[in-house]
Structure formats: structure tokens, C-alpha cells
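> Its first residue numbered 20, the sequence shown is counted upward by one per residue in the numbering used here. A virtual CB, placed ideally from N, CA and C, is assigned to each residue, including glycine. Quick one: the structure is below, and I'll ask about it shortly.
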Amino acid sequence: MVGVGIVGLGTVGFDTYRILRDYRSLIETRAGVDLRVVAVADADPDRLKLIGEDPDVTTTTDAPRLIEDDRVEIVVELMGGTDAAFDYTKQAIALKKWVVTANKALLAERGEDLFGFADEQGSEIGFEASVCGGIPVIRAIRDGLVGNRIHYMLGILNGTSNYILSRMADEGIPFDKALAEAQRLGFAEKDPTLDIEGIDAAHKLCILVRLALGFPMQMSEIATAGISKIEPIDIEFAKEFGYRIKLLGVAKEEENLIEARVEPAMIPIKHPMSNVNEAYNAVYLVGDNVGSNLYYGKGAGGSPTGSAVVSDIVDMALRKTVGCSRRSPIARKDGRSAKSAEKSMSPFYMRFKAQDTPGVLSRISGVLANYNISIYAVVQKGRKVDGYVPIVMLTYEASEGSLRKAKAEIDRLPFIGEETMHIRIEDREL
Ligand code: HSE
């Protein structure tokens, strides 16, 4: 029997407890390990009442006491945050216990320290649940694709943003309305900042880059932008050009430069990632031996995330019985460096709000030409509103630095009515 202690009895904590309790004999039949939750800790005594009458389980508001409990071999950290969660994880590893966590912020921001300490101690950290909830993408990369180098990866890593963009696309409603609907239906938090500004997705991308590209990417090196500036008109234009807009995490390795970014981007309708809708998550990656792979599923919620937590516990319990810990994800620079956002190249969509007068197009294209940005499509359509019309241009590959400089210059022209919108196009065929 392997004893499990759960710290944090929120939605995921409770579902983890429930799965381990109700699927105990199924797990034993399938995996040959007998797992038992022996202790649960939460700072809120009311939450502990959810456990009810379970004679196997000790409940406590004192997490360090649970971690010290000799019966607890695997500590499951599901409390969130990066301070106390860091201390408890360190405490458990110092006691040579193994830790499972769903805490993406903790691993993205302080993972280097924790993974290093776990290796030193012969302990390990399971983190399947930290990226894309129920999708077993960590295991797929770590085990299934171990004989591959991965140089290209796309992720729809935030269900809240994906839900909002799907509603905007389906119903033609503005961002604020779609966000309010997502909040009413429980898909978005009351304070949605982490989700809609791309930070949650960047945490997950940071973990994926460490694992799949083996590069110690820092959060500060991931160019991050959210979806709050996207307007229905951009979604409409994207559709006309054969694209959908998604909050996309992108990681690439080219010529010893690693690029990682999270931002709204246009992706071809024929790409499988463009059909990942509602609150679903997906990761698309290319391995040099396996080719393209796509992983799809629910990225949040108690049951899907609990399912991932349980898979880590089972994996650990199996290896504990043979005394073999898993190495932490090895992340080394090996002569590589992070590519600056400025130098990152791609085609772009630009939408100008411009007066409908002679010479406007030539002035705009003149500025773009000065920055060596080549245009491959232009559309002007729609009625004049207050004397302005939308003009949309798609460019060939350009550096983000040049694009931003050109945009700033264009936005100073007298016939431009508001800041120009630009969106990256993730289309390898352009
Ligand atoms: N809030 C996240 C999302 C789930 O909307 O996908 C947890 O990371």
C-alpha cells in the first residue's frame, strides 16, 4: 500500500480524493498498485468536512504536519499560489517524499530550483496536471516521444480564452459580452486577468518548452499578450482570408534560437488547431521521427485535472515499488539562447482605421516598404463610419521589430483614426 496525502481540498483536490477512493480497486487491477489517501490538509476546516466519514483519512488544517506524517509517501500539492506551495514542496522533497502538483505558476516561476532539489534528494515531482488539465501531454512528450527532437509546437493552452474567442466567432459578439457570458457560466473567474491576458497559457508554455525542447526558458523571455483587444471585425476579416483567431502558445527552435510566445494569432482554417473550440485545449507538435501529433481534451475542471493527478500518483507508486525515481526534465542551454520578440519573424495581419481619401493606401504601403515589409493582400471594405474605413493588409514574413516601428510611424499619419491592430499569422505556407 502506498499512502497519499493531499494538500488543498478545492475542486481538483476533492476530485483527486474521490477518484482515488472510488477507483481504488480498478487502479489496483489495472496498474497493480494499492493507493490509499491517508491524510488531507486544507486551511479551511469547512472544506475538510467534504471528506465525511472516511476512517482511512486523517484531516488537518496543518499542512506541514501532513507532510511529516510517516504514512504519507506521496504528497499531492493542490493548494495553488507560489509561496506556501513552494515551501511545502521543498519540505516534502527534503523528507525524500515524492510530490505531485497541478501548479503551473509554481513550476514556471520556481521550477528550476524545485526540480534541481528533487534530483539532489532522489525525489521527484509529477506535473502532468499542470499543463492542459486532463490531456496526458506531459507523459506523451516524456515517454511516447522520447526518441524525437521537437522543434515546433503550438498550444491552445487556456480554456477560458478559447471559450471567449469561440463565442465571439460564433455569435459575432464583442469581447466584453463574451467574457461576461463566460463568467456567468463559470468558464471564467471573477478576476479573469491571468486567463485573458495570456499569463496562465505562458506558464504552461514555459513548462512545455523545458520538457519538449529541453531549454530553460524563463517567463520573462516569453512574449505574452492576451485576447482583450480582439474585435469581432478582426475575426470576420480572418475568416475571409481563411483563418481563425486563437490564443496560441508557439515554441520553435531554429538555428540555436528558441522562440516562445503566447498571443492571439491567426491560424489556417484547414489546420487541426483551428477546430479546437469552446473551453477545450490542444497541443500540436512535430517530432523529427514521429511527424505531427495532436493532443486534445479538457484543460480544466476537477475531474479532468484529478484524472491527470491520479495518473502521476500511479506512475510514481509503480516506480517507488522498484526503487527507481524519474529524472527531472533536463533543461540546458547547450549553446542555444532565447530569441528576442523583436527578431521573431512571421506574416502579419494589419487593420488600419483610415480616412477614405486619395493617396492613403500609397502612404501606408510606402512606410511598410521603408521597413522592408512586403504586402501580399489588401482589402478595403465596409461603410464609412465618422469618415473612416477599415483597411486590412496581410504581409509576407516580417520581423516583429520592423512591424512595430512601421506601425508607430503609420499611426502618426494624419488620416489614421486610431491605433492600428496587428495580429501574427501562424501559417508555415506563407
Ligand atoms: N484557467 C485555466 C483555463 C485552467 O482557463 O484554461 C487552469 O489552468
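1. Are residue 265 and residue 293 close, meaning C-beta to C-beta below 8 Å?
2. With respect to the beta strand (DSSP E) encompassing residue 110, which residues constitute its N-terminal and C-terminal limits?
3. Excluding the 5 residues preceding and the 5 following residue 219 in the sequence, name in chain order all residues of the same chain whose CB lies nearer than 6 Å to its CB.
4. I'd like to check one pair, residue 314 with residue 154: are the Cβ atoms closer than 8 Å?
5. Any chance the CB of residue 319 is under 7 Å from a heavy atom of the ligand HSE?
6. Who are the near neighbours of residue 317 in its chain, counting only those whose CB is closer than 8 Å to its CB and skipping five residues on each side?
7. Do the region 181–196 and the region 139–151 touch if we need at least three Cβ pairs shorter than 8 Å?
8. If you count every other CB in all the chains shown that lies within 10 Å of the CB of residue 376, and 16 or more means buried, which is it?
9. Check this for me: beta carbons of residue 413 and residue 396, under 8 Å apart or not?
10. Comparing C-alpha positions only, which one of 286, 302, 304 and 381 sits nearest to residue 367?
11. Quick check: is any heavy atom of the ligand HSE less than 7 Å from the C-beta of residue 243?
12. Can you give me the C-alpha to C-alpha distance between residue 289 and residue 307, rounded to a whole angstrom?
13. Could you compute how far the alpha carbon of residue 352 sits from the alpha carbon of residue 303?
14. Check residue 21 in the structure and name its three-state DSSP category.
15. Do residue 172 and residue 114 come within 8 Å of each other at the CB atom, strictly closer than that value?
16. Measuring CA to CA, which of 371, 44 and 444 is closest to residue 428?
17. Below 8 Å, how does it come out for the region 96–108 and the region 43–53: are there three or more Cβ pairs, yes or no?
18. Within 7 Å: the Cβ of residue 123 and any heavy atom of the ligand HSE?
19. What residue from 420, 31 and 271 has the CA that sits closest to residue 357's CA?
20. Using a Cβ-Cβ cutoff of less than 8 Å, which residues in the same chain neighbour residue 235 once the five nearest sequence positions on both sides are dropped?
21. Out of curiosity, what's the CA-to-CA distance linking residue 393 and residue 406?
22. Is it the case that the CB of residue 79 approaches a heavy atom of the ligand HSE more closely than 7 Å?
23. Label residue 280 either buried or exposed according to how many other C-beta atoms from any shown protein chain fall within 10 Å of its C-beta, with 16 as the threshold for buried.
24. Who pairs with residue 441 in a beta bridge, going by DSSP?
25. Go ahead and pull the three-state DSSP assignment for residue 95.
26. Which one of 34, 263, 309 and 98 has the shortest CA to CA distance from residue 291?
27. Below 7 Å, is the gap between the Cβ of residue 219 and the nearest heavy atom of the ligand HSE?
28. Between which two residues does the alpha helix (DSSP H) harbouring residue 235 extend?
29. Return the residue from the list 380, 269 and 418 that minimises the CA-CA distance to residue 390.
30. Can you tell which of 55, 66, 71 and 204 has its C-alpha closest to the C-alpha of residue 91?
31. Please name the residue in 383, 410 and 243 whose C-alpha comes closest to that of residue 432.
32. Any heavy atom of the ligand HSE closer than 7 Å to the Cβ of residue 179?
33. If you run the structure through DSSP and keep just helix, strand and coil, what is residue 395?
34. The beta strand (DSSP E) spanning residue 42 covers which residue range?
35. My output table needs one value for residue 404: the three-state DSSP class, helix, strand or coil.
36. Excluding five sequence neighbours on each side, which residues of the same chain lie with their C-beta closer than 8 Å to the C-beta of residue 141?
If we stick to the structure as given:
1. yes
2. Here residue 110 belongs to no beta strand (DSSP E); instead the alpha helix (DSSP H) covers 103–113.
3. 177 and 213
4. yes
5. yes
6. 152, 153, 154, 178, 298, 299, 300 and 323
7. no
8. exposed
9. yes
10. 286
11. no
12. 22 Å
13. 23 Å
14. strand
15. no
16. 371
17. no
18. yes
19. 271
20. 131, 229, 350, 351 and 352
21. 27 Å
22. no
23. buried
24. 369
25. strand
26. 263
27. yes
28. Per DSSP, residue 235 belongs to no alpha helix (DSSP H) and is neither H nor E.
29. 418
30. 55
31. 383
32. yes
33. strand
34. Here residue 42 belongs to no beta strand (DSSP E), and DSSP marks it neither H nor E.
35. strand
36. 115 and 344
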